[in-house]
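For the sequence shown, position 731 (counting from the first letter as 1) is numbered 731 according to full-length UniProt numbering, and the numbering increases by one without interruption.
Where a beta carbon is used, it is the ideal one built from N, C-alpha and C, also for glycine.
Predicted, not measured: the structure shown is a model, and the values here were computed from it.
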Amino acid sequence: MASRIGVYFDQSSIGGGLDVEALSDGVSKKWGTLTPVVKVLPVLAAEKARDEIRADIEENELDGVLLCGTSPRVDWDLYKFDGVIVDRVNLREQCVLSYKNPDGSTVEEGDDAPELLVNLATDYLNMGVVRLQKTTAPEAAPVESVRRVLVLGGGWTGLTAARNASIAGLEVVLVEKGDVLGGKTLNLHQTIPLHAPYVEAHATGIEQKIADVESDANIKVLKGSVLTKLAGMPGEFTAIVKTPTGDEEIAVGAVVLATGWQPQDAKLLAPLGYGNVPNVVTSAEFEKMVKEGTMTARRVAFILNTSLCDGGDIYAPFCADEAAPAEAAAEAPAEGEEAGPKCKDLESIRHLPYSNSISSVVALKQANYVCDKFEGAQAFILYDSMVVQGIHERYYKAAQDRLGIMMSKADIREVREGANGTVSVLCDNTLIGDDIQIDVDMVVLPTGIVPSTAKDAIMNFEYRQGPGFPDLDLFDGFADSNYICFPYETRRTGVYAAGCVRQPMTLDSCEEDAIGAAMKAIQCIESANRGVAVHPRSGDLSYPIFNFVRCTQCKRCTEECPFGALDDDEKGTPKPNYSRCRRCGTCMGACPERVISFANYNIDQIGSMIREVNVPADMKKGGPRVIILACENDAYPALDMAALRGKPWSPYVRIIPVRCLGSVNAIWVADAMSKGIDGVMMLGCKYGDDYQCHFVKGSEICNRRKENIAETLNRLGVEPDRVEQYEVAIDEYDKLPGMIEGFMNMIFEKGPNPFKGY
Numbered sequence: 001m002a003s004r005i006g007v008y009f010d011q012s013s014i015g016g017g018l019d020v021e022a023l024s025d026g027v028s029k030k031w032g033t034l035t036p037v038v039k040v041l042p043v044l045a046a047e048k049a050r051d052e053i054r055a056d057i058e059e060n061e062l063d064g065v066l067l068c069g070t071s072p073r074v075d076w077d078l079y080k081f082d083g084v085i086v087d088r089v090n091l092r093e094q095c096v097l098s099y100k101n102p103d104g105s106t107v108e109e110g111d112d113a114p115e116l117l118v119n120l121a122t123d124y125l126n127m128g129v130v131r132l133q134k135t136t137a138p139e140a141a142p143v144e145s146v147r148r149v150l151v152l153g154g155g156w157t158g159l160t161a162a163r164n165a166s167i168a169g170l171e172v173v174l175v176e177k178g179d180v181l182g183g184k185t186l187n188l189h190q191t192i193p194l195h196a197p198y199v200e201a202h203a204t205g206i207e208q209k210i211a212d213v214e215s216d217a218n219i220k221v222l223k224g225s226v227l228t229k230l231a232g233m234p235g236e237f238t239a240i241v242k243t244p245t246g247d248e249e250i251a252v253g254a255v256v257l258a259t260g261w262q263p264q265d266a267k268l269l270a271p272l273g274y275g276n277v278p279n280v281v282t283s284a285e286f287e288k289m290v291k292e293g294t295m296t297a298r299r300v301a302f303i304l305n306t307s308l309c310d311g312g313d314i315y316a317p318f319c320a321d322e323a324a325p326a327e328a329a330a331e332a333p334a335e336g337e338e339a340g341p342k343c344k345d346l347e348s349i350r351h352l353p354y355s356n357s358i359s360s361v362v363a364l365k366q367a368n369y370v371c372d373k374f375e376g377a378q379a380f381i382l383y384d385s386m387v388v389q390g391i392h393e394r395y396y397k398a399a400q401d402r403l404g405i406m407m408s409k410a411d412i413r414e415v416r417e418g419a420n421g422t423v424s425v426l427c428d429n430t431l432i433g434d435d436i437q438i439d440v441d442m443v444v445l446p447t448g449i450v451p452s453t454a455k456d457a458i459m460n461f462e463y464r465q466g467p468g469f470p471d472l473d474l475f476d477g478f479a480d481s482n483y484i485c486f487p488y489e490t491r492r493t494g495v496y497a498a499g500c501v502r503q504p505m506t507l508d509s510c511e512e513d514a515i516g517a518a519m520k521a522i523q524c525i526e527s528a529n530r531g532v533a534v535h536p537r538s539g540d541l542s543y544p545i546f547n548f549v550r551c552t553q554c555k556r557c558t559e560e561c562p563f564g565a566l567d568d569d570e571k572g573t574p575k576p577n578y579s580r581c582r583r584c585g586t587c588m589g590a591c592p593e594r595v596i597s598f599a600n601y602n603i604d605q606i607g608s609m610i611r612e613v614n615v616p617a618d619m620k621k622g623g624p625r626v627i628i629l630a631c632e633n634d635a636y637p638a639l640d641m642a643a644l645r646g647k648p649w650s651p652y653v654r655i656i657p658v659r660c661l662g663s664v665n666a667i668w669v670a671d672a673m674s675k676g677i678d679g680v681m682m683l684g685c686k687y688g689d690d691y692q693c694h695f696v697k698g699s700e701i702c703n704r705r706k707e708n709i710a711e712t713l714n715r716l717g718v719e720p721d722r723v724e725q726y727e728v729a730i731d732e733y734d735k736l737p738g739m740i741e742g743f744m745n746m747i748f749e750k751g752p753n754p755f756k757g758y
């Protein structure tokens, strides 16, 4: 812990009429020998100031430096002093710029700072000093990383990832369950255009990719093989691969998941005639016919509007009448076998609309096949919405201009058998304004893309939380993180999804995805080797430290960890896997015994900051006091943004950044209430189906815990709504002052905390 702290004020960034010299004197008087150096410097973000700080560190043997001025999000890269803990006090954005008087007025330029603003700054300074005092310099927990990447899947995406990882200098093991490489790309006659001018389909070029991989000395290819177990943690995973010659144990540092997709069960297309009307096929079947030269139809309708198949409800259960017996059969262990974790089949009607962007460009390509093969041929594309992304708009426009291709928005009323072996498509609400009937030789229906992870665990993790990814239900089987900031992420650190197992993609998108996933795998290996977090807290040296003497084996930490970083033994004692950890602190927030802490973030640290808030004995004279626990990922930056845009808030709140709302421990609320704090606001990311939490479940977990906090407050005779959680996106900074104002109005109505003064 820091025992000799240098405190430095940035005169250039502190306004509002604050007497900075008086503030510095106050720090010296209160903290004495803990802060042997307290200085006011003209500009902190200058080399001269940094030189002075370095000289003070050496002369006074400082082990901590507290910089008071701008937000910690500003110029963070300028203040690094070897062997010294550095922290910041946000006096500009969240003190001076955000300040307004209780009557709503702000401080005029040239006026002295009002007492409430001085109190606000003083509280933040004291909170900053005690935070640094309770901080220990974290030490890395490196692993001897294996510089080898495991790539699962030998299709277009897997081949690209393997080749790029090899070019970067890493060994690669490529596991393909089939007997040949190439995956679904081998079934394609041609691909949509992948290069300029993006107007004509062409050969895929998959043969060259296969040849490049098979001739690469850095890549070991295992065909006819599957991953049966993945144990360990990033940097030192152990993979068990079942090969035709037996099980093979392979040490790997990270994994790229590129196992692709499979066609959706075509019986879902029965309402559009599939299986009932001759010459109604799927786009996958049509592609095969073209590739084999057996396609003879001259008039073809490509139906993209599949609303008949879902009855207008894409969230209806898939094959509900068959689901129960199938699930029961799957759950029943065979004689002599032990029941184990089962993989839920997540295939659904929703995979059809999810694949619409792919179905649209495939329809354009296959319509061109028809016109290419026969002079005077006609191809009809009937859609609800054509989804053609990016540069492929050129391909769409080229198809619009081609003689023989007709496109129209249409509702499909019926597909039925016509005269003389034709198929009749009855269309309503077309672009020409009439309901029409189109008689064609063949109808082609879209193929839904079902990710391999929707049907099988694939990864077979040897983790406490099970063999598959824990969030597949949310994404209907896609191994997609849904992160705005981290597109390759899964909830298993060191495993990076790419290609159609992540979301439906064209080959060019798969290529880009594969390269990105390979880069993330390399970054993960290097980070594990240095003992630092990969993301979102990139470079963080800290990790959860367990005081096992106090552990009661309640299993809350192992159950609530969003990333499966904790396994446990037969007694329930947690077993950390440090390079799996993303340093969110959810385990710390879950622990009722305060067993878990981080060197630079712990229960005592935040509790001590709360206790440093000066709470007036009389709320009518000094006003209430409210603690805001703000997530550092979205809420805290949004508060900065609001202040910088001239949107102030109540002078009675004190803001404490937290890593994630999932890290909030109930003891902090108890500390606040016992201190006489009148309310606690928790500002975090949005949760639910469209969550934005950087740690996936933090906000949601905090919301669940709030119910337990409410019960505790009720027993103490304190109104539960004095503690509230709010969801905020980073771009909703303009709403924050209103949220704070609404909460403060509620506190004024309720009056002081019953514990105030005790």
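Not a single unbroken stretch of the alpha helix (DSSP H) spanning 4 or more residues falls wholly within the region 468–524. Here the region 724–733 makes contact with the region 686–702; the two share three or more CB pairs at distances below 8 Å. Residue pairing by DSSP places Asn90 opposite Gly69 in a beta bridge.
Leu150: member of the beta strand (DSSP E) spanning Arg148 to Leu152, first to last residue. Collapsing the DSSP output to three states places Val20 in a helix.
Ranked by how close their Cα comes to the Cα of Asp731, the residues Val86, Tyr636 and Val680 have Tyr636 in first place. Going by C-alpha positions, Phe748 is about 16 Å away from Ile628. Rounded to the nearest angstrom, the gap between the Cα atoms of Val172 and Ser166 is 6 Å. The alpha-carbon of His189 is positioned some 10 Å away from that of Gln366. Taking C-beta atoms as the reference points, Ala46 and Leu541 fail to come closer than 8 Å.
Cys485 is classed as exposed because its beta carbon has fewer than 16 other beta carbons within 10 Å across all chains shown.
Looking at the backbone, the Cα of Glu93 and that of Val388 are separated by about 44 Å. Restricting attention to Gln264, Met746 and Phe469, the CA atom closest to the CA of Tyr354 is found in Gln264. In this structure, Asp568 lies away from Asn577, with their beta-carbon atoms at least 8 Å apart.
For the pair Ser452 and Val256, the Cα-to-Cα distance works out to about 14 Å. A buried status is given to Glu489, since no fewer than 16 other beta-carbon atoms sit within 10 Å of its beta-carbon. Per the Cβ contact rule, the region 4–13 is in contact with the region 33–48 (3 or more Cβ pairs under 8 Å). For a cut-off of 8 Å, the C-beta gap from Ala590 to Glu560 is around 5 Å, short enough to register as a contact. The beta-carbon separation of Ala528 and Gly253, rounded to 7 Å, stays under the 8 Å limit for a contact.
Within the same chain, Cβ atoms closer than 6 Å to the Cβ of Gly477 are found at Leu346, Pro451, Thr453 and Ala454, the five residues on either side in sequence being excluded. For the region 243–312, the continuous alpha helix (DSSP H) assignments of 4+ residues that do not extend past its boundaries occur at 283–292 and 307–310, in sequence order. Residue nearest to Gly421 within the set Asp384, Arg492, Arg298 and Ala521 is Arg298 (criterion: CA-CA distance). Residue state for Thr453 is assigned as helix, using DSSP reduced to three classes. In the DSSP assignment, Ala161 falls within the alpha helix (DSSP H) that extends over Trp156 to Ile167.
A straight-line Cα-Cα distance of about 17 Å links Pro651 and Asn126. DSSP, read as helix, strand or coil, puts Glu462 in coil.
Straight through space, the alpha carbons of Pro102 and Gly742 are spaced by roughly 14 Å.
Gly158 and Val130 have their C-alpha atoms roughly 51 Å apart. With 16 or more other Cβ atoms inside 10 Å of its own Cβ, Pro544 counts as buried. Within the region 384–441, the complete alpha helix (DSSP H) segments at least 4 residues long are 393–400, listed from N- to C-terminus. Residue environment: Glu711 is assigned as exposed (fewer than 16 neighbouring CB atoms within 10 Å of its CB, all protein chains considered). Secondary structure at Asp10: strand, using DSSP grouped into helix, strand and coil. Membership of Gln366 in the alpha helix (DSSP H) is indicated by the continuous run Asn356 to Lys373. By the beta-carbon neighbour count (other beta carbons within 10 angstroms, threshold 16), Lys706 is buried. Each residue's CA atom was taken as its position, placing Gly738 and Tyr99 some 14 Å apart. C-alpha of Tyr496 to C-alpha of Leu230: approximately 14 Å in a straight line.
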